[in-house]
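Under the working numbering, the residues of the sequence shown are numbered 378 to 711, in order.
Positions of the beta carbon are idealized from the N, C-alpha and C atoms, including for glycine.
Nothing here was measured: the structure is a model prediction, and the numbers come from that model.
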Amino acid sequence: KTGGDAVRASMLHADQESNPFCSRWRYFDKFSKPNLLRCHRRKVTDVCVDISGSIVCSVAMDATLKVHGLNDGKQRRSYKVKRRSLSLALSSCAIMPDSNTVVVGSWDNSVYVYSISQGAIVGEGRTHEDAVSSVALSEGRVLSGSWDGCVKLWQLRQSRLDPRPLLDLYDHEHPIMCVCMDATSRLACSASQDGVVILWDLRTGTRQRTIKAHKREVTGIALSNTGYDVTTVSSDGRVKMFDVTKGDCFLDINTGEALSCVRTDGDVIFTAGESGCVKLWDVNHQDSEEKARICTNSFGHKLAGVSLSRDGEWMAAGIENESGTGDLGIFKSI
């Protein structure tokens, strides 16, 4: 992708400025030295920062959801998810713009809705037939992907999850690893273990396009603000961006490491993986395939997740470190 054709409309339009699910992260110079926290007894699997940059949530293999303040690093909540006295790993988490409602995916086949203010589970969906691997949010909607190969769309009403999903989407032939959804709940993307990405029209519940994105499993997926571009990362070490309308790949970066997660606003891409570093790539820069613009110091362990506040002032990274000094790194942009 070259500078001449790269100014795709990923800057926020008027309707996107008012949409809390749209972010703008273009202006970065560097990040502060991270505040390192010890949160979980087993490996962290995902993290999410609220849009205002006040709290970070983390989930782990120990079946716990933790909530910490970004500024002071103090724990606000700790909750162990149990179903029939059985606690299985939590795979993913996402937080609503109210900074109170957290949606969590679990290996017990369920999607849970947790209220920070109440300190309790206030809703759940149980219709998946295998572990829930990923969850995504937009206004009033929850998207879940599972190892059963199914994507489900749920209605979220006043922090309560309707017991029956609005849509059940079954076209994947292999376990789903990650999902994402645009800010308007019109388009969703799901990616599976065989490297396939499927684009879904959520208004009709139909498959819009299938893309063979990677040779190995897709480990992270994210849509730009406009929903015109989808970014994927894989254990094959590549970052790719695809045009949603045509399915064409217009950016392909070889990072040299197995990747585990990705975040993008359409102008910049954040990746993390085996190296233990968070890297920032400029989509619109001609040299984006040569070198990451920002690369944090390595934590010495694989990173399982990365998340930013809406304005990019705060960033959190989940570290797969069961016995060391910390498993959650909190950065502030400076």
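Distance, residue j Cα to residue i Cα
i	j	result
K420	A466	10 Å
F627	T641	15 Å
D704	S523	25 Å
T608	N448	30 Å
S569	S468	15 Å
D475	S536	10 Å
S515	R460	26 Å
W402	H662	15 Å
H549	T504	17 Å
S511	C555	5 Å
V490	I472	10 Å
Cut-off 6 Å between Cβ atoms - residues of its own chain near residue i, not counting five sequence neighbours on either side
i	result
G677	G653
G517	L533
C557	A513, C566, I598, A599 and L600
M439	Reading off the sequence shown, one finds Asp at residue 439, where the question assumed Met. Cβ within range, chain order: H417, R418 and R419.
C638	G597, A649, G682 and V683
G582	L544
A693	V424, V426, V433, S684 and I707
Cβ shell of residue i (< 7 Å), same chain only, five flanking positions each side left out
i	result
A635	S612, G614, G650 and E651
K589	G572 and V573
D629	R615 and K617
E506	N486 and D525
W484	L465, A466, S468 and A508
I428	P397, P474, S686 and R687
Residue i burial status per 10 Å Cβ neighbour count (16 or more: buried)
i	result
N486	buried
Y547	exposed
N698	buried
R687	buried
G633	exposed
S435	buried
D559	buried
Cutoff 8 Å; reference residue i; Cβ partners in own chain excluding five residues on either side
i	result
W531	V488, G502, R518, V519, L520, S521, L538, D539, P542 and L543
R593	G572, S611, S612 and D613
S409	F708, K709, S710 and I711
G701	G677 and H678
Any non-hydrogen atom of the ligand SAH within 7 Å of residue i CB
i	result
D545	This structure lacks the ligand SAH; in fact it carries no ligand of any kind.
Nearest-angstrom beta carbon gap, residue j and residue i [assumed within contact, 8 Å]
i	j	result
L414	I707	7 Å
I493	N477	5 Å
V481	C470	5 Å
L346	A669	In the structure displayed, the chain extends from 378 to 711; residue 346 sits before or after that span and is not available.
S562	L579	6 Å
Quiz item: Which residue spans inside the stretch 514-589 form an unbroken beta strand (DSSP E) run of at least 3?
Solution: 518-523, 528-534, 544-546, 553-558, 564-569, 573-578 and 583-589
Quiz item: Can you give, in chain order, each stretch of the alpha helix (DSSP H) that sits fully within the stretch 588-671 and has at least 4 residues?
Solution: none
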